[in-house]
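Taking it in order: structure first as structure tokens, then the write-up.
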Amino acid sequence: MRYMTGKEIRETWLKFFESKGHKIEPSSSLIPMGDKTLLWINAGVAPLKKYFDGSAIPPRPRLTNIQKCIRTNDIDNVGRTARHHTFFEM
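Using the working numbering, you'd call the opening residue of the sequence shown number 4 and step up by one each time.
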């Protein structure tokens with residue numbers, strides 16, 4: 004397997020699903036708009052919640068995204084190892 008940059012991995016992911024008929028949804032703000040149940044976006048599906056709970060109709064039956072996320076469940080270990088972090092993309 005050849006080395007790929009983060010940008011290439013993202014592009015490959017999106018192109019694959021787009022070729023299968025998925026609509027690409029842009030990454031949402033880390034601060035959830037209109038969702039008082041979250042302090043910040045902590046999962047890739049969080050911005051799509053409106054489609055799951057029926058408050059909005061998805062633009063297509065199939066969607067894909069690369070969502071910026073924050074999680075703090077291991078915040079005490081951030082900096083101790085390269086494995087622990089708070090920001091990532093799903």
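Here a beta-carbon is modelled for each residue, glycine too, at the ideal position from N, C-alpha and C.
Query raised in the report: Could you check where the beta strand (DSSP E) with I44 kicks off and where it finishes?
Result: By one-based count along the sequence shown, residue 44 stands at place 41. It is not in any beta strand (DSSP E) - I44 carries neither H nor E in the DSSP assignment.
Requested in this report: Alpha carbon to alpha carbon, how far is T15 from S31? Give it in angstroms, no decimals.
Outcome: Translated into positions along the sequence shown, residue 31 becomes position 28. Translated into positions along the sequence shown, residue 15 becomes position 12. The straight-line gap from Cα to Cα measures roughly 20 Å.
Query raised in the report: To the nearest angstrom, how far is it from the Cα of M51 to the Cα of K23?
Result: Numbered from its first residue, the sequence shown carries residue 51 at position 48. Numbered from its first residue, the sequence shown carries residue 23 at position 20. In the sequence as presented, Met is not what sits at residue 51; that position holds Leu. So the two alpha carbons sit approximately 19 Å from each other.
Query - Environment of I12 [buried if 16+ CB atoms lie within 10 Å] - result: Counting from 1 along the sequence shown, the entry for residue 12 is found at position 9. With fewer than 16 Cβ atoms within 10 Å of its Cβ, I12 is classed as exposed.
**Report entry** Nearest neighbour of N76, chosen from R86, A59, K53, E28 [CA to CA]
**Finding:** In the sequence shown, the residue the question calls residue 76 occupies position 73. Closest by alpha carbon: R86.
Query raised in the report: So K26 and R74 are in contact, right, with Cβ under 8 Å, and what is the actual spacing, rounded?
Result: Position 23 of the sequence shown holds residue 26. Position 71 of the sequence shown holds residue 74. K26 to R74, Cβ: 26 Å. No contact.
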